[in-house]
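Protein chains in written order, with this note's numbering: chain A, 1 to 142; chain B, 1001 to 1142.
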């Protein structure tokens, strides 16, 4: 199966996040790429540092809004509650090179607790670039 | 790549364990089948129930001894310590149908904390079927 440009870009962003976390004291597990053994959806990444456990859905976009389906938000919350982890959306928006919001030493993600996501009129969820940057938790601040 | 009979059997046993755990209150993450984003080895499964977190290497065999390499034991301990999980070997030995050690309602695994594995003369590790059955923790007793 061929991956579109945006899927490849998304996979690269996720790898960047996983590598950064692993190099900064977190033990990180990624979900298998395709069907797991069970019907339940798994978080994209699950990581811990001995004190804090985070299950996250990872999304990146060149647009200014990132959407999450109600079903993926529900699945993530379900898994996180059962496991004993915080449930978060990990979002990354494209920024111009040199933008002070990013550093060369970080992958540029913001973490938003699921409870703080904005609901759409259709009962899905979204994160706006400006609110992520002002209210999200930078991966360096986790 | 073709999977040998024993690999297929091992994969089936691991799926059985993952399904059983998921149906019994654990949130379970399996490692991706092939290369992760980092060079670090990942546990085969990582699961939690809000109180207890377990990272495990999963092995099954038709023989009476199951071996683990020093390197996989070290990697598992490293990951588990960083994450904040117990590190265990999850082993399954073939038993005759109807053997009272197994029930129809369980996948037949025993969990051994890494510190209790027997060391081989070559600095690898092994689990004997009889000691697993007498000293291991059945998945139903986790």
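Ideal Cβ positions, reconstructed from N, Cα and C, are used throughout, including at glycine.
Let's see if you can read the secondary structure: which residues bound the alpha helix (DSSP H) around residue i?
{"i": "residue 73 of chain A", "result": "70–83"}
From the options, pick the residue whose C-alpha is nearest to that of residue i; which is it?
{"i": "residue 11 of chain A", "options": "A:50, A:112, A:107", "result": "A:107"}
{"i": "residue 1109 of chain B", "options": "B:1116, B:1125, B:1123, B:1133", "result": "B:1133"}
{"i": "residue 113 of chain A", "options": "A:123, A:87, A:120, A:126", "result": "A:87"}
{"i": "residue 124 of chain A", "options": "A:141, A:59, A:71", "result": "A:71"}
{"i": "residue 1067 of chain B", "options": "B:1117, B:1019, B:1139, B:1031", "result": "B:1117"}
{"i": "residue 1115 of chain B", "options": "B:1022, B:1105, B:1121, B:1126", "result": "B:1126"}
{"i": "residue 1048 of chain B", "options": "B:1032, B:1022, B:1042", "result": "B:1022"}
{"i": "residue 139 of chain A", "options": "A:24, A:7, A:130, A:41", "result": "A:24"}
{"i": "residue 51 of chain A", "options": "B:1120, B:1083, B:1130", "result": "B:1083"}
{"i": "residue 1105 of chain B", "options": "B:1017, B:1009, B:1008", "result": "B:1017"}
{"i": "residue 75 of chain A", "options": "B:1069, B:1028, B:1111", "result": "B:1028"}
{"i": "residue 111 of chain A", "options": "A:131, A:119, A:121, A:89", "result": "A:89"}
{"i": "residue 33 of chain A", "options": "A:26, A:19, A:7, A:122", "result": "A:7"}
{"i": "residue 1013 of chain B", "options": "B:1045, B:1026, B:1128, B:1059", "result": "B:1059"}
{"i": "residue 1121 of chain B", "options": "B:1137, B:1031, B:1069", "result": "B:1069"}
Please state the DSSP three-state secondary structure of residue i.
{"i": "residue 1139 of chain B", "result": "helix"}
{"i": "residue 15 of chain A", "result": "helix"}
{"i": "residue 38 of chain A", "result": "Note that residue 38 of chain A scores 49 on pLDDT, short of 50, meaning its location in the model is unreliable; the coordinates nonetheless yield the value given after this. It is coil, neither helix nor strand."}
{"i": "residue 1086 of chain B", "result": "strand"}
{"i": "residue 27 of chain A", "result": "strand"}
{"i": "residue 1 of chain A", "result": "Confidence is the limiting factor: at residue 1 of chain A the pLDDT is only 42, short of 50, which leaves the residue's position unreliable and the question unanswerable from this model."}
{"i": "residue 1092 of chain B", "result": "strand"}
Under 7 Å Cβ-Cβ, which residues of chain B neighbour residue i?
{"i": "residue 114 of chain A", "result": "By Cβ distance, chain B contributes nothing, its closest Cβ being about 15 Å from residue 114 of chain A, past 7 Å."}
{"i": "residue 138 of chain A", "result": "Within chain B, no residue comes near residue 138 of chain A; the closest Cβ sits about 20 Å away, beyond 7 Å."}
Hey, quick one: how far does the beta strand (DSSP E) through residue i stretch, first residue to last?
{"i": "residue 1047 of chain B", "result": "1045–1048"}
{"i": "residue 116 of chain A", "result": "No beta strand (DSSP E) contains residue 116 of chain A, which DSSP labels as neither H nor E."}
{"i": "residue 1053 of chain B", "result": "1053–1061"}
{"i": "residue 1125 of chain B", "result": "1125–1128"}
Since residue i meets chain B, which of its residues come closer than 9 Å, beta carbon to beta carbon?
{"i": "residue 128 of chain A", "result": "Simply none; closest approach about 28 Å."}
Could you tell me which chain A residues have their CB closer than 8 Å to the CB of residue i, listed as they occur along the chain?
{"i": "residue 1046 of chain B", "result": "29, 46"}
So which residues on chain A does residue i lean against when the C-beta distance must stay under 7 Å?
{"i": "residue 1051 of chain B", "result": "84"}
{"i": "residue 1042 of chain B", "result": "29"}
Which residues of chain E have a Cβ atom closer than 7 Å to the Cβ of residue i, listed in chain order?
{"i": "residue 32 of chain A", "result": "Among the protein chains of the structure shown, namely A and B, there is no chain E."}
For residue i, which residues in chain B fall below 8 Å Cβ to Cβ?
{"i": "residue 79 of chain A", "result": "1027"}
Under 8 Å: do the region 56–69 of chain A and the region 84–93 of chain A share three or more Cβ pairs, one atom per stretch?
yes
Item to complete: Determine contact between the region 1044–1056 of chain B and the region 1064–1083 of chain B, defined as no fewer than three beta-carbon pairs at a distance below 8 Å.
Response: yes
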